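The structure appears right after this line, and notes come after that.
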Amino acid sequence: MNAGFEAQQRELARIALTRIAEAGFVLAGSGAIREHGVIDRPTEDIDLFTMTQDNDKFAWAVGCVVTDLRESGYEVEEAQRVAQFARLKVRAVDGLQLNIDMGVDWRENDPVWLDIGPVLSVEDAVGNKIAAAYSRGEPRDYLDVDAIRRWGRFTDEELVKAAATRDNGFEVSIFVQQLEAVNRVTLRDVERYGVSSEQLDRIKERCTQWAALLRGQATPSPLSGKSQGACR
0 MNAGFEAQQR
10 ELARIALTRI
20 AEAGFVLAGS
30 GAIREHGVID
40 RPTEDIDLFT
50 MTQDNDKFAW
60 AVGCVVTDLR
70 ESGYEVEEAQ
80 RVAQFARLKV
90 RAVDGLQLNI
100 DMGVDWREND
110 PVWLDIGPVL
120 SVEDAVGNKI
130 AAAYSRGEPR
140 DYLDVDAIRR
150 WGRFTDEELV
160 KAAATRDNGF
170 EVSIFVQQLE
180 AVNRVTLRDV
190 ERYGVSSEQL
200 DRIKERCTQW
210 AALLRGQATP
220 SPLSGKSQGA
230 CR
């Protein structure tokens with residue numbers, strides 16, 4: 000992944016959002032936290048989500064994205080399609096390929112308008128990312144969680160509360176286990192994001208330190224004080 004890939008990815012998102020903003024769609028996922036300046040790593044796909052549960056409006060939005068991208072010179076295939084979810088496989092003439100996922104998801108705050116178009120609020124974007132680390136713990140999630148903590152806008156307590164708000168089954172003890180699982184991440188898992196061996200070691204150290212602090216608490220309330228941590 001390189002700067003050219005990122006620029007084209009952002010252009011795809013901008014085109015896709017042009018008409019569907021009126022149906023409540025916003026840029027979500029890692030793309031959202033990147034637009035807020037929290038991370039700078041390349042992302043692998045584009046997530047576009049709305050709170051609207053009108054199936055007809057959702058179908059209209061999918062059709063708009065497919066049409067607008069094709070008219071802009073991209074090949075688009077509907078790889079998966081149900082009432083309120085669509086996965087589009089997009090291919091550019093230069094060979095770039097990525098997925099656009101469209102779906103329905105709850106959000107707590109109003110979106111914000113940035114250069115790319117409507118974007119999930121930073122509070123929702125960050126909360127969703129912490130919740131993702133809790134529920135799936137993929138290698139890229141640890142990079143993002145670490146970057147979020149280093150960014151310093153949210154306390155550790157706020158981060159844990161944000162995840163709990165988005166996952167009714169959230170348990171601190173399980174989150175601790177997920178943080179400790181960072182030690183399973185290999186350099187091969189993350190080198191595509193520009194992470195070096197030394198940087199990965201520091202990310203692992205910070206995540207396991209956070210896990211140790213959470214594990215050592217007498218109550219499930221999260222840490223107070225500003226968080227520390229991450230390699231962009």
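Heads up: the sequence shown is residues 0 to 231, going by numbering that gives the first Met the number 0.
Beta carbons are placed, not taken as given, at the ideal position from N, Cα and C, and that holds for glycine.
Please read these numbers as outputs of a predicted model, since none were measured by experiment.
Note to self: So, with DSSP's three-state summary, where would you put L186?
What the structure shows: Collapsing the DSSP output to three states places L186 in a helix.
Check: Where does N127 land, buried or exposed, given buried means 16+ other C-beta within 10 angstroms?
Finding: It counts as buried.
Notebook entry, point to check: Can you find at least 3 beta carbon pairs, one from the segment 75-85 and one from the segment 26-41, that sit closer than 8 Å?
Noted result: No, the segment 75-85 is not in contact with the segment 26-41.
Check: With which residues is G116 paired in a DSSP beta bridge?
Finding: DSSP output for G116 lists L113 as bridge partner(s).
Next item on the list: With DSSP as the reference, label F4 as helix, strand or coil.
Entry: The three-state reading of DSSP puts F4 in helix, counting H, G and I together.
Check: With DSSP run on the structure shown, which of helix, strand or coil describes L95?
Finding: Here L95 sits in coil by DSSP.
Margin query: Given a cut-off of 8 Å on the beta-carbon distance, is the pair E34 and I115 in contact?
Written below: Yes, these two residues count as a Cβ contact at 8 Å.
Notebook entry, point to check: At which residues does the beta strand (DSSP E) containing A48 begin and terminate?
Noted result: According to the sequence displayed, residue 48 carries Phe and not Ala. Going by DSSP, F48 is part of the beta strand (DSSP E) stretching over 44-49.
Margin query: Can you check which of these residues, L68, E5, Q176, I129, is closest to T207 by C-alpha distance?
Written below: The shortest Cα separation from T207 among L68, E5, Q176, I129 belongs to Q176.
Check: For L158, is the beta carbon positioned less than 7 Å from some heavy atom of the ligand ATP?
Finding: The ligand ATP is not part of the structure shown, which contains no ligands of any sort.
Notebook entry, point to check: Whole-angstrom Cβ separation of A131 and I32, contact assumed at under 8 Å?
Noted result: Between I32 and A131 the Cβ distance is about 11 Å, and since that is not below 8 Å, they are no contact.
Next item on the list: Note the first and the last residue of the continuous alpha helix (DSSP H) segment covering T79.
Entry: A small fix is needed here, since residue 79 is Gln in this sequence, not Thr. From DSSP, Q79 is part of no alpha helix (DSSP H) but of the beta strand (DSSP E) over 74-81.
Notebook entry, point to check: Taking buried to mean at least 16 other C-beta atoms within 10 Å of its own C-beta, is I147 buried or exposed?
Noted result: Under this definition I147 is a buried residue.
Note to self: Judging by CA-CA distance, which residue of W59, G23, A210, F153 is the nearest neighbour of P110?
What the structure shows: When each option's Cα is compared against that of P110, the closest is G23.
Note to self: When you compare the segment 60-72 with the segment 9-20, are there three or more beta-carbon pairs, one atom per stretch, that lie closer than 8 Å?
What the structure shows: The way I'd put it, the segment 60-72 does touch the segment 9-20; three or more beta-carbon pairs between them come closer than 8 Å.
Checklist line | CA-to-CA distance, V181 to S195, given in whole angstroms | finding: Across the structure, S195 and V181 are spaced so that their CA atoms are roughly 15 Å apart.
Notebook entry, point to check: By Cβ distance, which residues of its chain are closer than 8 Å to Q227, with the 5 residues on each side in sequence left out?
Noted result: For Q227, the pLDDT reaches just 45, beneath the cut-off of 50, and the residue's location in the model is therefore unreliable, although a value from the coordinates is still provided. Excluding sequence neighbours, Q227 sits near R148, R149, G151, R205.
Margin query: Quick check: the Cα distance between Y192 and D140, rounded to an integer number of angstroms?
Written below: Between Y192 and D140, the C-alpha separation is close to 12 Å.
Next item on the list: Could you tell me how far apart the beta carbons of D155 and W105 are, in whole angstroms, since I believe they sit closer than 8 Å?
Entry: Wrong, their Cβ atoms sit about 23 Å apart, outside the cutoff.
Check: How about L47 and I129: do their beta carbons lie closer than 8 Å?
Finding: No, they are not a contact pair.
Notebook entry, point to check: From D67 to V75, what does the alpha carbon distance come to, in whole angstroms?
Noted result: Distance between D67 and V75, taken at the CA atoms: about 10 Å.
Margin query: Our contact map puts I202 next to D145 with C-beta atoms below 8 Å; I'd like the distance itself, whole angstroms only.
Written below: About 5 Å; that satisfies the 8 Å criterion.
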